[in-house]
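The number in my numbering is simply the position in the sequence shown, starting from 1, with 19 added.
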Amino acid sequence: MTATIDRGAATTSVAPHAAQKNPPTRRRPGFFASSNGKKAVMAVTGAVLVLFLLGHMVGNLKAFFGADAFNHYAEWLRTMGSPAVPYRVLLTVVEIALVVAVVLHMWSAVSLARRAAQARPVKYAAKRKSQANGYATHTMRYGGVIILLFVIWHLLDMTFGAVNPKGFDADPYDRLVAGFDPSRWWVTLFYVVAMIMVGLHLRHGLWSAFQTLGLAGGRSYGKLKAGAALVSLVLVVGFLAVPVGVMIGVIK
C-alpha cells in the first residue's frame with residue numbers, strides 16, 4: 020500500500036510512516052565540555068592559584084627578617100621532603116601543577132567567553148552601559164595579559180637571574196634587593212601595576228565564584244563581596260610591601 024501526495028497533476032509515492040521517522044539523537048557533551056564543567060575547572064584551578072599566591076606572599080615577607088631568613092626559606096623550597104625525597108623534586112611537582120592550573124584556567128576562561136559570544140552573535144541595537152560588564156571585561160582580559168607578561172619577566176629576573184643585575188649565581192636575597200633597586204624603578208612600577216591587576220582579577224574571580232555557587236544572595240551578599248575585596252587587598256599589600264621596602268631602604 021502506498022500513499023499519494025497531490026502536487027498539481029503529479030503524484031508522489033510515499034512509504035507509509037516515512038514522515039514519522041525519529042530524528043537522530045544527539046550525544047550529550049561531556050561534563051568538561053559543558054559550561055558547568057568549564058566553570059568548575061576555572062573554580063578549582065583558581066583556588067589552587069590563590070593558595071599559591073598566599074604561600075608565596077608569606078615567603079616573600081621573610082625578606083623583612085634579613086638575608087638569612089629569606090635564603091633559608093628559598094633553600095627549604097628546594098629541599099622539601101628531604102632526605103626521603105630527592106633535591107628539588109617536590110618543588111618541580113609544584114611548578115608543574117601550577118603550569119597545568121594556569122593553562123586550564125586560561126582554557127576555561129577563553130572557552131566560556133567564546134560560548135557566551137556564540138550565544139549572542141548579534142549585538143544589541145542599543146549599546147548597553149554596564150559598569151560591571153566593562154569592569155569584568157577589562158580586568159579579566161587585559162589584566163590577564165599583563166599578569167602573564169609579568170610572570171614571564173619575574174621568572175627571568177628572580178628565578179633564572181637572566182635579567183637580574185646579580186645573575187643566577189647570587190643568593191636569592193641579593194637577587195631580590197638588586198631586582199628592586201631604586202635605579203630600576205621601572206621594574207618596581209611594572210610590579211606594582213601587575214599586583215594591582217592580580218588584586219582586581221582575584222576580586223572579580225572570587226565574587227564570580229560565589230555567584231556561580233549561588234552563595235551571593237540575601238544577607239550574605241555584602242559580606243561575601245567585602246570578603247572578596249579583603250582577600251584581594253591583603254594579597255596586593257603583602258606583595259607590594261617587599262619592593263616598597265627595598266625602595267625605601269628597609270630591606271637592604
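A virtual CB, placed ideally from N, CA and C, is assigned to each residue, including glycine.
Which two residues bound the contiguous alpha helix (DSSP H) that contains residue i?
i, result
"Pro-262", "239 to 266"
"Phe-169", "162 to 173"
"Phe-209", "204 to 231"
"Met-76", "54 to 79"
"Val-112", "108 to 138"
"Pro-191", "191 to 198"
If you draw a straight line from the C-alpha of residue i to the C-alpha of residue j, how long is it?
i, j, result
"Ser-127", "Val-112", "22 Å"
"Ala-234", "Ala-247", "The sequence shown places Leu at residue 234, not Ala. Their backbone Cα atoms lie some 13 Å apart in a straight line."
"Gly-268", "Leu-80", "15 Å"
"Asp-193", "Gly-186", "10 Å"
"Leu-252", "Met-61", "21 Å"
"Ala-10", "Ala-120", "One cannot answer for residue 10 here, as it falls past the ends of the chain, which runs 20 to 271."
"His-173", "Val-212", "13 Å"
"Trp-205", "Met-99", "34 Å"
"Gln-137", "Leu-123", "21 Å"
"Val-118", "Leu-167", "12 Å"
"Ser-239", "Ala-228", "14 Å"
"Ala-245", "Gly-237", "14 Å"
"Tyr-210", "Gly-74", "18 Å"
"Met-214", "Glu-94", "25 Å"
Take the Cβ of residue i as the centre, count every other Cβ of all protein chains shown within 10 Å, and call the residue buried at 16 or more, exposed below.
i, result
"Asp-176", "buried"
How close, in whole Å, do the beta carbons of residue i and residue j come, if the pair is a contact with beta carbons under 8 Å?
i, j, result
"Gly-257", "Met-216", "Actually they do not touch by this definition, with Cβ atoms about 15 Å apart."
"Ala-8", "Leu-195", "The structure shown does not extend to residue 8, since the chain spans only 20 to 271, so no value can be given for it."
"Leu-219", "Val-250", "Between Val-250 and Leu-219 the Cβ distance is about 12 Å, and since that is not below 8 Å, they are no contact."
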